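Novice: Here my numbering is used: the sequence shown runs in plain steps of one and ends on residue 232.
Quick reminder that beta carbons are idealized off the backbone N, C-alpha and C, glycines included.
Every value quoted in this text rests on a predicted model; they were computed, and no experiment measured them.
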Amino acid sequence: MYSKETLESYATFSNILKILKRDPRFNEYCSQARVPAGTSIPLSKERNTCYLLESGYVKYNFSGEDGMRNYYIVYPGKFIVLPIVQEYVPNTGEIVFLSESVYWTIDFEFLRKMLFNEDPRNYIMLQFSVETRYKLYVLATMRNITAEERVLFTLIRLANFGMHVSANQIDLPNFVTYNMVAELAGTSKSFATLTLKNLRNKGILDSSKRPWVIEDMASLQEALNISDSPSF
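(1) How many whole angstroms separate the CB atoms of Leu82 and Cys50, which I take to be in contact at a CB cut-off of 8 Å?
(2) Go through the stretch 149-211 residue by residue and report every complete run of the alpha helix (DSSP H) that reaches 4 residues or more, in order.
(3) In whole angstroms, what separates the C-alpha of Asn27 from that of Ser3?
(4) So Leu172 and Ala159 are in contact, right, with Cβ under 8 Å, and what is the actual spacing, rounded?
(5) So the candidates are Leu115, Glu94, Asn174; which of them puts its Cα closest to the Cα of Leu17?
(6) Hey, could you find the ends of the alpha helix (DSSP H) Tyr123 is sitting in?
(7) Quick check: what's the CA-CA separation for Asn201 versus Ala223?
(8) Is it true that the CB of Ile124 sits closer than 9 Å to the CB of Leu98?
(9) Answer yes if the stretch 150-169 comes into contact with the stretch 104-122, meaning at least three C-beta pairs across the two stretches below 8 Å, and no otherwise.
(10) Taking the alpha-carbon positions, what's the Asn179 to Thr187 distance?
(11) Which word fits Phe176, buried or exposed, when buried means at least 16 other C-beta atoms lie within 10 angstroms of its C-beta?
(12) Name the residue from Tyr60, Lys78, Ser219 whose alpha carbon lies nearest to the alpha carbon of Leu43.
(13) According to DSSP, Lys21 sits in a beta bridge with which residue or residues?
(14) Can you name the residues that DSSP bridges to Arg34?
(15) Terminal residues of the continuous alpha helix (DSSP H) containing Ser44?
(16) The alpha helix (DSSP H) that contains Leu111, what's its start and end?
(17) Rounding to the nearest angstrom, what Cα-Cα distance links Glu215 and Phe191 in this structure?
(18) Give me the DSSP bridge partner(s) of Tyr2.
(19) Can you give the Cα-Cα distance for Asn168 and Ile204, rounded to whole angstroms?
(20) Quick one: using the 10 Å Cβ neighbour count with 16 as the cut-off for buried, is Thr6 buried or exposed?
(21) Which residue's Cα is closest to the Cα of Tyr10: Gln127, Tyr57, Lys189?
(22) Taking a contact to mean a Cβ-Cβ separation below 9 Å, would you say Glu94 touches Gly77 in this structure?
(23) For Asn174, count the other beta carbons within 10 Å of its own beta carbon; 16 or more makes it buried, fewer makes it exposed. Which is it?
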């Protein structure tokens, strides 16, 4: 059994790059790029690279065999996609950069070789698996709650990427819009707007200008009464 702190401290962005740069051919297999907000990268099932986000925010869309679209947000320092098992790679996917971002494209065979030699305990892969567990929890939860609950749950998830101004107040990222909330929640824009209007009327949310502000996080969580992280 591994401690949470051990995995998180080892699988940092700086340490991953440090490991990869130990090979003199690093620049042959890894490249860095800066892209503006709105840039998208389509992904097919046959892929031989992975993406590591250095700065900015990314929305990763993908669909499985059931054809349902799934979404989650990736924040700086994390792998956007990491195709560990060939048979389990989603059929189609798309990376959409929500803000100006810097990311690394890494040849997967090179990454696998370096991790095999430099990370024999698989700390980095284990940490990615732990993060994937949370994403699967989110996807499972979203498929089993009402449309209104999905909007509230989405807002709580987005709060994870915001700035905690105080214990109960959070400035949401500038990329948060009505369209974004509706898409992540799997509802129409009109329904998401109506649900968020109810939060504004209760003094829970201020969406009059960017950044949006969650004025009362405790009341938002109480209104949903669903944890945004698994209990196991």
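Specialist: In short, the structure shows the following:
(1) Rounded to whole angstroms, the Cβ separation of Leu82 and Cys50 is 5 Å, and the two are in contact under 8 Å.
(2) 178-185, 189-201
(3) Roughly 33 Å separates the two Cα atoms.
(4) 7 Å
(5) Leu115
(6) 123-142
(7) Taking the straight line joining both Cα atoms gives about 14 Å.
(8) Their beta carbons are not under 9 Å apart, which means Leu98 does not touch Ile124 by this criterion.
(9) no
(10) 10 Å
(11) Looking at the sequence itself, residue 176 is Val, so the reference to Phe does not match. Burial is judged here by how many other beta carbons sit within 10 angstroms of a residue's own beta carbon; Val176 has at least 16 and is buried.
(12) Tyr60
(13) In the DSSP assignment, Lys21 forms no beta bridge with any residue.
(14) Val102
(15) Premise fails: Ser44 lies in the beta strand (DSSP E), 40-44, not in any alpha helix (DSSP H).
(16) Per DSSP, the unbroken alpha helix (DSSP H) holding Leu111 starts and ends at 108-118.
(17) The straight-line gap from Cα to Cα measures roughly 21 Å.
(18) Answer is none; Tyr2 lacks a bridge partner.
(19) 10 Å
(20) Exposed, by the Cβ-count rule.
(21) Gln127
(22) no
(23) exposed
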